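If you read the protein sequences in the order shown, they are chains F and P.
For the first sequence, the working numbering begins at 1 and goes up steadily by one.
For the second sequence, the working numbering begins at 1001 and goes up steadily by one.
A short worksheet on the structure shown next.
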Amino acid sequence: MVTVRLKVNDVAHEGRCEPRKLLVDFIREDLGLTGTHVGCEHGICGACTIMFNGEAARSCIMLAVQADGAELLTVEGLMREGKLHPLQEAFREHHGLQCGFCTPGMLLTALDFLRTNPSPNDREIREGISAVLCRCTGYQGIVNAVRAAAPTLAARR
Amino acid sequence: MGHGLPRLVGARVARREDPRLLTGQGSYVDDHRPPRLLYAAFLRSPHAHARIVRIDASAALVLPGVVAVLTGDDVARSAKPVRAASKTPAVKTTSFPPLALDKVRHVGEAVAMVAAESRYLAEDAIERIVVEYAPLPVVKDMESALEPASPVLHDEAGTNLLVSREFVRGDVDAALAGAALVVRERFRFHRHTPVCMENRGCLAEYATGSETLTLRSSAQCPGLVRDVLSDLLDMPEHRIRVIAADVGGGFGAKASLYPEEIATCVMARRLGRPVKWIGDRREDLLATTHAWDEIVEAELGVNRDGTIVGLRAQVTADVGAYSIYPWTAAIEPVQTISFLPGPYRVPTYQGRTRGVATCKAPLGPYRGVGRPPAVFVIEGLMDRAARQLGLDPTEIRLRNFIRDEDFPYKSSSGIVWDRASFTASLLKAREALDYPALRAEQARARAAGRWIGIGVVSYVELTGIGSAIPVSPGMPVSTGTEAATIRFDPSGKVTAVFGVASHGQGLETTLAQIVADEVGVPIEDVRVVHGDTELSPYGTGTYASRSLVLAGGAAILAGRSIREKMLLIAGHLLEAAPADIVMTDARCAVRGLPDRSVTVREIARAAYTGARQLPKGLEPGLEATRFYDPYYGTASNATHVAMVEVDRATCEVKTLRYVVVEDCGRMVNPLIVDGQVHGGVAQGIGAALLEEIVYDDHGQLLSGTLMDYVVPSACEVPWIEVHHLETPSPVALGGFRGMGEGGTIGAPAAIANAIADALTPLGIEVAELPVTPDRLFRLIERAEGRG
């Protein structure tokens, strides 16, 4: 067993786990943050995407021990003062989710993308979110949501 | 209806389920961890066909943290094997044991199950179980499976031919003999799998004190699962609760009963501890139901003017190793011949179908069921005929559509179409695209050497099926009804409970819209509860584009019952005749006297206060349960038009434009209708260009990861332009038609037809899907004389 100390959504945590434990399992089981989902466990579908030290990363192909000392952001950390994040608002308004399973990974991927490209065109948005698979929406609602949220997020910086 | 509040049915209402799903507060199976939970893992067969000689789990059982191992024999002592029975002799009934008994019949079949203190330990233990197999010859494909020398998968059937059925109308031989033109093709639609982003999983808890079993499952049909578990586990239904809370996509993949659900219940009952199994993606690709996998040999006869005189088709489907419950192995192959005549007047028809068992994962329902291959075939034949007659593809369709005056129309396979807008949808698509301009653009591109094509497809889909016909042919389970319970509490708020289950369709929103309109309250005051057999009136679940039609109809009936009672109570409180009461703005007032009114909340409180507040003899309470059966059901239709370009160098197909004109009757929520169309089209484009389940000749799955089974990302899906027609269903309450599947029905054929159109200069027809770049490369090489 190894000790993992990390900060998740601005809260410090310490846990003990087997060295082989996946980061996503640590987040879900040890920290009880079940918003991050497991879709493929081989790094393709992107459902498990979180922010790792400020960049999007797949928590299903990382070990928990690799996150020792790291700062993570998960979907649970997006809401502030009881209010949806503007990106979450846009997803709701533009029907950017149906079953909701890819949504946490999609939100964090889009957030990371808009950080690097604050005013993208549609082609760029599609490329930016292509690391996450969605089987429900055909991506159209998601593209609309990301486009709509971009100026709001850019203005917040 | 007139209750003064803005009408919600028809409005683009933002979804009520979104806030929890957007904030990580969903309630998917894997999010639940009751105390004393054990984690399960399954050992799966590495052989496509083998006899099980011996299983030795002793090395697994000594691992610390491993609690139990189950084999097929253990489960057989506690649960009956699944038998998907059929009322028709056209379907042979075979057993599907929850864990393999004596024999395995496909790679990935569950052989043993471990329960341990963690998933990691359970997977360690799986690797320590020793199974000795005696390999048997593999039944590798549907054509060799029918040869007399082929090994037989199910001894009890005595043959690999599990399904055999025929539909005949008129003398098709004479019609084809007299036709001015007969076009023929051998179509191949390869094996596909739904790929829900949430893998299947379940969590079973057995309470010994109350003898109750609770199964949380990623299921579309909690009611169906509850009913069959009662039989298989020999427990009364009222002691079994099946919960399907948030489910991460279904698309038909989660509509069947699965072996892991039964085994997990057996394990939990045996140990008296909760047991959870969450499949991984490999298990999903290996052991979730697959789709399509059909060969269709078809010929279409037409007159010189393009009107159809006859259609003949022979469908052969690879149904895999087992007949799945409750749909049976017949669902895909029989639906294909049921829907082959499409939206056309087909005076003579012969459709024969065969379902053949092979060593592959079972075939099951997937978005569209039978119709994506059927539409690929009939629409492909229509285009071939049009090309040979020099007709525009839209023209040949307009000449053959079932006309508006023909409804209700009984199709040549016996399906009744209540009313549809075939002609109007095609004309609207032409108009939306400025079709002549699009053709001119294509001609310019072709002159410049580019391969650009336009594919046009029209289809009709049966939805909201009532009790007149089973959803799957010969299926003994009744799927024709659903119910709604609507309950006001004394504070004036409403709970509406349904037996259907939502896995992305937004039913918590659309059903709330219907209920709110019916009982005259704002949508915020309605809470929809679904997917829990303990809370809901009797129902089966969500599949076959039925939920809005059946549950929506039940909601209208229950809402009306409640409304009548509200008017009686309001009349009593206001000392007026109920006929003089009008609903306005969440209040009931005396007609013409808006000041004499009571609020809905006051009415609800009165309903529970007792006799003094109620008209003489009126029973207290304000709730109603009503069942709805649309009998035949209704139909949705659409026209899809795709414009594609084939890259001359890479053979990549780019979708340049995609237009859908759909008619799902009265729309409850256009935002959600659009979303269903977008998602369906994306899956259809995947099916046309990318997605294919591949087995080798030894029955080994070669497409066992998401790197090998390619699901479209945002880059492969085009902008989809959706237009609506609203022809209300004359037979379904509310005028609603189901529409969850249509996108996937139309898109594969639209893409195939567009590619064939693009390659007309080379004389290439597209008869095989998915048409991947390598297949296209070979077609082009052959056409250009190099292949």
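Every residue, glycine too, gets a C-beta built ideally from N, C-alpha and C.
None of these values were measured; they are calculated from a predicted model.
- Those residues of the stretch 126–151 of chain F placed with their C-beta closer than 9 Å to a C-beta in chain P are R126, E127, G128, I129, S130, A131, V132, L133, C134, R135, C136, T137, G138, Y139, Q140, G141, I142 and V143, ordered along the chain.
- Contact annotation: P:V1247 and P:T1264 have beta-carbon atoms that are not nearer than 7 Å.
- Each residue's CA atom was taken as its position, placing P:A1321 and P:D1517 some 48 Å apart.
- In the structure shown, F:C17 adopts extended strand secondary structure according to DSSP, grouped into three states.
- Using a CB distance below 8 Å, the part of the stretch 77–99 of chain F facing chain P consists of L78, M79, L84, Q88, F91, R92, E93, H95, L97, Q98 and C99, ordered along the chain.
- Along the stretch 1023–1039 of chain P, going in chain order, the ones with a CB nearer than 8 Å to a CB of chain F are T1023, G1024, Q1025, G1026, Y1028, D1030, D1031 and R1033.
- Distance from the CA of P:I1396 to the CA of P:F1376, rounded to the nearest whole angstrom, comes to 16 Å.
- Secondary structure at P:E1117: coil, using DSSP grouped into helix, strand and coil.
- The beta-carbon distance between P:V1646 and P:A1747, rounded to whole angstroms, is 17 Å. This is too long to meet the 8 Å contact definition.
- The beta carbon of P:V1521 is closer than 7 Å to those of V1494, A1586 and V1600 in its chain, skipping five residues each way along the sequence.
- Contact check for P:Y1695 and P:K1360: beta-carbon distance about 6 Å, within the 8 Å limit, so the pair qualifies.
- When DSSP states are grouped into helix, strand and coil, F:Q140 belongs to the helix group.
- In this structure, F:C48 lies near F:V24, with their beta-carbon atoms less than 7 Å apart.
- Here P:A1116 is near P:V1066, since their CB atoms are less than 7 Å apart.
- Within the stretch 1427–1483 of chain P, the alpha helix (DSSP H) runs of at least 4 residues that lie entirely inside it are, in chain order, 1435–1447.
- With distances taken between CA atoms, P:H1698 lies nearest to P:R1105 out of P:L1101, P:R1105 and P:T1071.
- For F:A56, the closest of F:A110, F:R123, F:A155 and F:A154 by C-alpha to C-alpha distance is F:A110.
- P:V1225 has its alpha-carbon roughly 34 Å from the corresponding atom of P:P1064.
- When DSSP assignments are scanned along the stretch 1348–1422 of chain P, the uninterrupted stretches of alpha helix (DSSP H) that are 4 or more residues long and fall wholly within it turn out to be 1371–1389 and 1393–1400.
- Residue state for P:I1324 is assigned as coil, using DSSP reduced to three classes.
- Between the stretch 1615–1622 of chain P and the stretch 1568–1586 of chain P, the count of Cβ pairs shorter than 8 Å is three or higher; the stretches touch.
- Per DSSP, reduced to three states, the secondary structure at P:G1734 is helical.
- DSSP links P:G1201 through a beta bridge to P:I1278.
- For the stretch 100–122 of chain F, the set of residues with a beta-carbon nearer than 8 Å to any beta-carbon of chain P comprises G100, F101, C102, T103, P104, L107 and D122, in chain order.
- Among the residues facing chain P, F:A47 is included, as its CB has a counterpart in that chain under 7 Å away.
- Close to chain F, meaning a Cβ-Cβ distance shorter than 8 Å, are the following residues of the stretch 1500–1517 of chain P: H1503, G1504, Q1505 and G1506.
- In the structure shown, P:S1597 falls within a strand segment according to DSSP collapsed to helix, strand and coil.
- Put simply, the backbone Cα of P:K1080 is about 23 Å away from that of P:A1244.
- Here P:S1150 has V1139, S1144 and N1160 as same chain residues with Cβ atoms under 7 Å from its own Cβ, once five neighbours each way along the sequence are excluded.
- Taking each of P:P1470, P:T1650 and P:I1454 in turn and checking the Cα distance to P:T1760, the smallest one comes out for P:I1454.
- Closer than 7 Å to the CB of F:C40 there is at least one CB belonging to chain P.
- F:H37 and F:P104 do touch by the CB rule: their CB atoms are close to 6 Å apart, below 8 Å.
- In the three-state reduction of the DSSP assignment, P:I1337 falls in the helix class, which pools H, G and I.
- The residues V8, N9 and D10, in chain order, have a CB closer than 8 Å to that of F:G77 in the same chain once the five nearest residues on each side in sequence are set aside.
- Checking the DSSP bridge columns, you'll see F:L153 has no partner listed.
- The contact set of F:G35 on chain P, defined by CB atoms closer than 8 Å, consists of T1023, G1024, Q1025 and G1026 in chain order.
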